[in-house]
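Going down the list, the protein sequences come from chains S and B.
Per my numbering, residue 1 is the first one in the first sequence, and the count goes up by one each step.
Per my numbering, residue 562 is the first one in the second sequence, and the count goes up by one each step.
Ideal Cβ positions, reconstructed from N, Cα and C, are used throughout, including at glycine.
Everything numeric in this text was worked out from a predicted model, so none of it was measured.
Structure record follows, encoded as structure tokens.
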Amino acid sequence: MHTFKDHFKTFLLRLGSMTLAIVILTVLALASVIGTVLLQNQSQADYLQQFGPIWYWVFRSLGLFDMYHTWWFLSLLGLLMASLGVCLWRQIPRILKDMRSRKVTLSESAMKHMKHIQHWQADQLDSTAFIEHVKWQLNGWSFREDSYADTHYVRADKGRYNKLAYILVHAAILIILIGGWLGVQYGFRGDMAVPEGSKESEISYLKGTSTEYMKMPFEVQCNSFDIDFYPNGMPKEFRSNLTIIDQGKEVLTSDIIVNEPLYYKGVRIYQASFGDGGSNIHLKLFRMDGTSDVAEAQARVYTKYKDEKSGATLEITDFRPHNVENMAEADQPKDFKDLGASVDMIFRASGVKPVKVRSFIDPFVLEEQNRGSFFQISLSGDTKEFQPFALGLDFSNEKEWLLFVAFVKHLAATEMKSPEDSKMAFKAALDEVFPDGKPDNFKDMAVRVMQAVQTIPRLPWPFLPVLDDYDQKYYTGLQVASDPGMNVVWIGSALLVIGLYIMFYVSHRKVWLVIKQHEKGYSISLAGMSNRNPLNFDREFHDILSNLDQYTRTFGKGDAS
Amino acid sequence: MNTATQNRGILSALYEGRISYIRFWAYIGMMLGATGLALWGGNGYNEDNYLFMLVSMQGLIWLGTGGLLAAGAAIVASMVKPGVLRNTAAAVMVPWFDGGVLMVALMAALTVFEPAASAVSYLDQSNLFAGKVIMTMNVLLLFSSICYIAYLFAPESFIGKMATLTAWLGVYAGGSALLLRWYESYLLLDGEIGHAPVSNIYEVFILLFCITTVIYLQWERRYDAKAMGAFVMVLVAAGVFFGVWLDSVGQGEIKPLVPALKSYWMKIHVPLNFVGYGAFAVACGAGMAWLFRARLEVNGSSALLRVFPTLDQLDQLAYKSVAVGFPAFTLATILGAAWAAEAWGGYWSWDPKETWALIVWLVYGAYLHVRVSHGWHGRTLAWWTVIAFLVTVFCFLGVNMYLSGLHSYGRLA
Ligand code: HEM
């Protein structure tokens with residue numbers, strides 16, 4: 001008859017069995033692979049496009065897009081915890097008992113089964129001195145001695161607490177999992193973007209695949225943000241000066257950098273990223289309607305500017321103060337150069353496909369020659385597909401634009417047949433724009449104007465938006481987190497490492513010295529065993545033996561077998 | 562007594578008893594001093610400056626104080642309780658530490674060959690000397706692996722000795738090249754980008770060769786398992802070819818660190834991780850040797866069999882390697898989590914690299930359980946070490962190549 005209790009017992013036995021442990025470890029490993037191959041927490045539209053409707057539906061139902069938080073993955077972790085718990089609960093008493101029992105005697109039959117054993121015969125023996133010598137030899141071991149009839153036993157143990165390691169390791173994993181659970185249950189973690197000079201108190205975080213918001217019990221104010229760059233344009237260090245404002249009072253001001261967070265009321269604030277915090281952008285719009293009109297435009301990053309005259313709009317998406325590029329050929333030594341500030345915008349005008357334009361403040365200078373201003377244009381709107389577009393003219397010099405417009409006007413008045421015509425037109429344009437005499441660099445200008453005639457008309461836009469000036473402002477990207485389980489995790493981790501160290505490097509070694517007295521003298525046996533690391537124990541036992549072997553020579557008849 | 566045994570006498574005296582014990586603690590004290598310097602020295606830790614902090618007056622004070630205090634404590638302890646002198650940890654560890662010091666000395670000697678400061682530039686790093694030392698290491702390790710294979714067929718000849726010797730030389734070349742590279746990183750851009758040479762995949766590959774080879778050599782020395790060398794060193798040789806390729810596509814250049822990597826955690830976390838990877842590589846070599854020997858036994862080819870360790874020994878060596886790798890890898894993962902907690906605000910983000918580290922850990926954890934519970938030995942476990950190492954390779958290479966995440970500093974272009 002199986003009672004409920006029997007069933008429960010079998011169930012616990014199974015739950016704490018190592019077979020189940022192996023299965024859980026393997027399944028967890030396999031499941032984790034899925035989570036890394038399938039990018040987590042992307043937008044649903046991306047998934048749909050990537051997998052098609054059927055697989056999208058299958059994956060979604062299994063929760064694979066946020067796998068580590070699905071009920072089944074968490075259940076797996078729960079099962080691991082249950083298994084560990086049961087296993088510990090069953091093993092701890094057994095291990096403690098095992099550790100305490102140190103039987104001094106060693107039976108003849110047990111001796112026969114020992115792999116490490118050595119016998120000597122001696123006619124006469126100062127057994128006290130001999131035992132002392134063995135004890136000296138086994139420094140750091142713990143001893144037990146006893147005599148039964150004509151036999152004296154010495155038992156030496158080393159690394160008796162090796163078995164404790166089993167408890168430490170498994171309990172540690174349990175503790176780490178509990179700490180993780182505490183963190184999930186009572187902690188939070190999210191992002192906060194604070195523009196320079198502004199305050200913020202809300203963090204955003206991903207829950208599944210949607211974004212959620214949470215209010216902090218204090219405000220974070222970004223007083224300033226600084227960034228250093230390496231010569232190759234990589235950020236070297238970024239630093240925010242933050243003030244914590246709690247209930248309207250400034251309580252704490254501090255600098256933070258990556259790897260050096262700020263701590264306030266159980267919440268840590270980390271420097272994570274940075275970006276444009278709504279810089280003020282000043283653009284010049286060079287109209288392409290044959291007039292020399294230049295409009296000025298003022299806008300902030302992340303806003304739209306609408307040009308009333310043409311109806312075109314510019315959506316300012318980003319601003320970068322530096323653009324460092326490697327100007328060298330592929331297999332030449334690198335040559336980094338800062339192309340200067342740039343602004344990204346989406347250009348929309350009637351009759352033209354929307355494009356993304358990156359406009360630079362400076363003209364392109366190569367080998368000390370001004371090659372005129374340029375854009376980067378992406379027809380798809382993807383910044384990875386920016387193509388350079390040389391304008392020819394240097395737009396940072398407004399006179400050059402006037403020269404260009406005048407030149408085009410005069411050129412149109414000629415028949416545009418011979419090079420003579422264009423020379424005449426250029427002269428006329430020069431006289432018109434520079435009535436007081438030619439500027440020194442007019443030859444360079446001429447080259448650029450000639451080039452611009454070829455390139456600028458190819459752009460079908462109502463105007464050319466060129467970056468003219470800016471007032472830069474960063475936002476600092478902060479990660480804000482609180483995790484009450486973190487210290488529990490660290491404690492578990494420490495136990496885990498200590499446990500593993502003991503488990504693998506401290507084996508429980510036992511050595512018995514058995515001295516039996518009979519009519520003809522003494523028979524001495526030395527036996528040893530180790531619960532792990534047999535290769536090492538082979539050597540250790542051998543060392544002990546060879547030392548004792550020398551000592552036994554002094555007994556007279558050193559008959560080792 | 563001839564000179565050979567006399568030399569041995571002097572050498573072994575260096576590695577036994579009081580001298581060894583005191584040296585052991587002096588080294589530990591110096592390491593603690595270096596840690597203290599990183600944590601509290603100067604105006605706080607600064608990656609750009611750490612090496613120079615170490616060799617400056619300040620570093621001398623920290624390291625010297627740590628070393629002297631610990632050595633003093635060791636002297637006192639050894640007086641009070643002479644038994645501690647027979648502590649095996651000191652005897653085991655001191656040769657390693659001495660090896661490290663020798664590498665530093667070698668590196669200092671190699672700086673002589675460094676071109677003048679005016680002749681080196683960040684933009685053109687081709688004339689830095691460490692690259693040449695790395696090439697030397699490549700040649701030595703390749704040569705060594707060939708010798709190990711030849712040894713299988715000619716065990717009596719000097720080839721076996723050559724194999725071991727070139728492997729050791731390769732390790733020293735690699736180690737001192739890495740140190741030299743550390744020094745070189747300060748020569749560029751006015752010292753602005755100086756950092757320990759464990760920041761990109763090329764550098765850690767060199768580290769991996771050295772660690773794998775050293776762990777193997779240790780087994781060879783202690784357990785006379787030379788035939789296994791052919792398998793381990795072939796893995797290393799494959800890595801060497803990969804490293805040469807990495808260099809040829811520009812991954813070998815010294816590059817600045819992104820801010821997230823500027824942390825003393827990097828210097829602990831990365832090398833420790835590679836102790837794990839290296840040990841797993843050796844376990845894989847032992848597993849392959851096991852499978853090879855098993856095949857030989859079936860075919861009854863006895864000439865080769867005589868060279869090989871027994872199946873049981875190979876099984877034990879694989880296990881021992883995992884026993885070295887598993888705790889190191891566990892600690893490295895935990896330190897990685899601690900670093901993530903400090904840099905990103907969370908100790909675990911299910912980032913692909915982290916997750917794969919967990920997978921590797923679980924796979925080796927399962928290996929350990931299978932060994933204990935089912936008494937499985939031999940074939941299954943030999944395959945397990947080989948396949949688990951493939952998983953490991955994916956963790957340190959595949960993740961960088963195919964998956965994206967926070968650890969993208971290791972990305973291949
Ligand atoms: C699922 C729950 C688990 C159970 C029921 C379990 C059970 C056991 C048992 C019964 C042993 C044998 C102890 C002995 O007789 O020496 C053992 C050993 C061990 N366990 Fe677990 N374990 C579990 C999870 C884990 C996990 C997650 C790890 C970490 C990866 C782990 C690491 C180890 C190690 C390192 C050993 C020692 C293996 C050796 O002796 O070489 N265990 N476990």
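Taking only beta-carbon atoms, is B/A666 less than 8 Å away from chain S?
-> no
Measure the alpha-carbon distance for B/I894 versus S/N41 and round it to whole angstroms.
-> Note on residue identity: the sequence assigns Thr, not Ile, to residue 894 of chain B. Computed Cα separation, rounded: 24 Å.
On the premise that S/S279 lies in contact with S/D468, defined as a C-beta separation below 8 Å, what is that separation, rounded to the nearest angstrom?
-> No, S/D468 and S/S279 are not in contact; Cβ-Cβ is about 13 Å, not under 8 Å.
CB contact check: S/V365 to chain B, cutoff 8 Å = no
Per DSSP, which one or two residues make a beta bridge with S/G190?
-> S/V480
S/W141 to S/A156, Cα distance in whole Å?
-> 6 Å
Return helix, strand or coil for S/K512, following the three-state DSSP convention.
-> According to the sequence displayed, residue 512 of chain S carries Trp and not Lys. It is a strand residue.
Could you tell me whether any Cβ in chain S is nearer than 8 Å to the Cβ of B/W917?
-> yes
Specify the secondary structure class of S/Y475 as computed by DSSP and reduced to three states.
-> strand
Find the nearest neighbour of B/Y744 within the set B/A670, B/I636, B/G837, judged by alpha-carbon distance.
-> B/A670
The region 878-889 of chain B touching the region 842-857 of chain B, judged by at least three CB pairs closer than 8 Å | yes
Under the three-state reduction of DSSP, which class applies to S/I361: helix, strand or coil?
-> coil
Who are the neighbours of S/G140 on chain B, taking C-beta pairs under 7 Å?
-> G644
Interfacial residues, the region 890-901 of chain B to chain A, with Cβ spacing under 7 Å | Going by chain labels, chain A is absent from the structure shown, which instead holds the protein chains S and B.
Just the C-alpha distance for B/A632 and B/V665, rounded to the nearest angstrom, thanks.
-> 21 Å
Between which two residues does the beta strand (DSSP E) containing S/L39 stretch?
-> First-last for S/L39: undefined, no H or E at that position.
Is the beta carbon of S/I227 sitting closer than 8 Å to the one on S/M214?
-> no
Which one of S/R358, S/I34, S/A82 has the shortest CA to CA distance from S/L64?
-> S/I34
Near B/R972, what residues of its chain come up, given a Cβ to Cβ distance below 6 Å and the 5 sequence neighbours on each side ignored?
-> Confidence at B/R972 is low in this model, with a pLDDT of 41, below 50, so the placement of that residue should be treated as unreliable; the coordinate-derived value is given next. Closer than 6 Å at Cβ, skipping near neighbours: N961.
Partners in chain S for B/Y784, counting only beta-carbon separations shorter than 8 Å | L535
Would a check of beta-carbon distances place B/I589 closer than 8 Å to chain S?
-> no
Give a yes or no on whether the minimum CB-CB distance between B/H930 and chain S is below 8 Å.
-> yes
Run down chain S in chain order and give the residues with a C-beta less than 8 Å from the C-beta of B/Q779.
-> None at all; the shortest Cβ gap to chain S is about 12 Å.
S/L96 to S/W89, Cα distance in whole Å?
-> 12 Å
Near B/H968, what residues of its chain come up, given a Cβ to Cβ distance below 6 Å and the 5 sequence neighbours on each side ignored?
-> Any reading at B/H968 needs caution, since the residue's pLDDT is 49, under 50, leaving its predicted position unreliable; the model's value is listed next. For B/H968, where only same-chain residues beyond five positions count, the Cβ hits under 6 Å are K914.
Residues that B/D685 contacts on chain S, provided the C-beta gap is smaller than 7 Å = P333
Inter-stretch contact at 8 Å, needing at least 3 Cβ pairs: the region 479-487 of chain S / the region 180-194 of chain S | yes
Please list the partners that B/I754 has in chain S, where partner means a Cβ-to-Cβ separation under 7 Å.
-> Y230
Determine the closest residue to S/V480 out of S/V104, S/Y205, S/K163, S/I175, with distance taken between C-alpha atoms.
-> S/Y205
At what residue ranges does the region 809-885 of chain B contain a whole run of the alpha helix (DSSP H), taking only runs of 4 or more?
-> 825-860, 863-866
S/G16 CB to nearest chain B CB: under 8 Å?
-> no
Which residues bound the alpha helix (DSSP H) around B/S746?
-> 720-746
Could you tell me which chain S residues have their CB closer than 9 Å to the CB of B/P817, listed as they occur along the chain?
-> Y230, P231, N232, M234, K236
Could one say the Cβ of B/F887 lies closer than 8 Å to chain S's Cβ atoms, at least one of them?
-> yes
Determine the DSSP secondary structure at B/I776, reduced to helix, strand or coil.
-> helix
Take every Cβ of the region 579-589 of chain B, pair it with every Cβ of the region 723-737 of chain B, and state whether three or more of those distances are shorter than 8 Å.
-> no
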